[in-house]
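Protein sequence lines correspond, in order, to chains A and B.
Just so we're aligned: 106 in the working numbering is position 51 of the first sequence, and the numbers increase by one with no gaps anywhere.
Just so we're aligned: 341 in the working numbering is position 74 of the second sequence, and the numbers increase by one with no gaps anywhere.
Cβ coordinates follow ideal geometry from the N, Cα and C atoms, glycine included.
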Amino acid sequence: MTSFDKINRRAHLYLGLFLMPWLLMYGASSFIVIHRSWFSSDKPREILWEKTYSRPLNTQGANNSPELRAAALEVLKDSDLEGAFWVHKPNNETLHIDRFSFRDTIRLTWSIKEQKLEAVRQPAGWSEVPVRMHFRGGYLQPGFWNKFWGVLVDVACAGIVIWVVSGLIMWWRLPRLRAWGTVAVGGGIVSFVLLVWKL
Amino acid sequence: MPFPAISRLVRRVHLFTGLFLAPWMMMYALSTLVMTHHESVRSFYSSEKPAMVTERELDYSRSFPAGAKNEDIAQEILRDLGMEGAHEVSGGKSGSPLVIDRMHALPHRRITFDASKNRITMEREEFRTPTLLDRLHRRRGYNHPYTLEDTWGFSVDVAVVTMVFWSLSGIWLAWEIKTTRLWGALSLVTGLGLFALFAVLI
């Protein structure tokens, strides 16, 4: 069993070190989200450009539907702004495309009737950056790096599960720590269940 | 305190805080997976949202002053039902029923007060594990005037501080073991490099 213990310890250690930036990011961003009022992050918006845009595109889909996303992607391509985005229609004559990164959001407003396209940049405050990282996950956004980030979020989740399980195994292999460890495990489970039950 | 004693203390705190906070970490990991794979998880169920099941209906003849705020009415109703706690209020305009969503983690309840009929309907949300995980993940604490909410918020704060401690103490512990220094440093640098690359690229 020595080799299993060794693999278990090494997995706990190396996975922890590799995923440390994600753990710190999730910790910092959770703190910012919980104490939102302590962190003001409003920065002035900046108009990047405004141009005539009259390409005929199908804008009939619902907000963020595949049809509407396909149209928005064409607009982004024409504007050299491809990347992660959300799209919604405040009314039938306007399309809002939020092209976002960890550092800022560029809002494209396409007034379809007036054939006018405007780009406005909203920079993110420093406290907004980890929050944006926190809320980013999944595989909906286009591009290799966006999907790769989704993979790493999944790896971080699997990593946390592995830390917990490997930590429990490591503790159980130390007979002199079993009593106090049982108090810690039991105390944690009871506290958690009680909180969830009463919340 | 001599160096080996500090090292031993760091190891013990790392271990025992990890054991204590294991349920919170498992909840956050599993709920994140549920959120990022929402469509796949959703395919296991017949509907987007869990069904609301009527639990009971009761007569409620209490009257409220004409100018009473919906929030005040909701608090009174919850107090009368012995269900005080975090909630959201909607409806209640132009004689429409007042809807109180009592945000129990287990289970979520909806109380509808129809003043014109002096009647309260209580509905309970059908239990789904993914919904519970999602709700726990999004629960922030501190934003409702209830001690229990603050307790949850505090537990999340403790988890956050401990995550920072695990990270820093993890580096210390890896550095102490000579045989793991090289691969440990490589893991840390690779992780940091990849993270920095993402911060710039996306």
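Item                                                                                                                          : Value
First through last residue of the beta strand (DSSP E) which encompasses Gly358/B                                             : His354 to Gly358
C-beta neighbour in chain A for Gly358/B, strict 8 angstroms                                                                  : no
As assigned by DSSP and simplified to three states, the class of Gln170/A                                                     : coil
Option in Leu136/A, Gly138/A and Val130/A with minimal Cα separation from Trp165/A                                            : Val130/A
Any C-beta of chain A under 8 angstroms from that of Pro317/B                                                                 : no
Under 9 angstroms by beta carbon: chain A residues contacting Tyr409/B                                                        : Ile89 and His90
Completely contained beta strand (DSSP E) runs for the region 154 to 225 of chain A, where each covers 3 or more residues     : 159 to 166 and 171 to 178
C-beta neighbour in chain A for Val431/B, strict 8 angstroms                                                                  : yes
C-alpha distance - Arg278/B paired with Met80/A, whole-angstrom precision                                                     : 23 angstroms
DSSP-derived helix/strand/coil call for Met319/B                                                                              : strand
Trp450/B at chain A interface by Cβ criterion, 8 angstroms                                                                    : yes
C-alpha distance - Arg391/B paired with His67/A, whole-angstrom precision                                                     : 41 angstroms
Pair within 8 angstroms by beta-carbon distance, Gly437/B and Met188/A                                                        : no
C-beta contact flag for Glu393/B and Val308/B at 8 angstroms                                                                  : no
Burial state of Ser84/A (16 or more Cβ within 10 Å)                                                                           : buried
Length at least 3, wholly inside the region 88 to 141 of chain A: the beta strand (DSSP E) runs in chain order                : 101 to 107
Limits of the unbroken beta strand (DSSP E) element including Met370/B                                                        : No beta strand (DSSP E) contains Met370/B, which DSSP labels as neither H nor E.
contact_flag[the region 371 to 378 of chain B, the region 398 to 409 of chain B] where n(CB pairs < 8 angstroms) is 3 or more : yes
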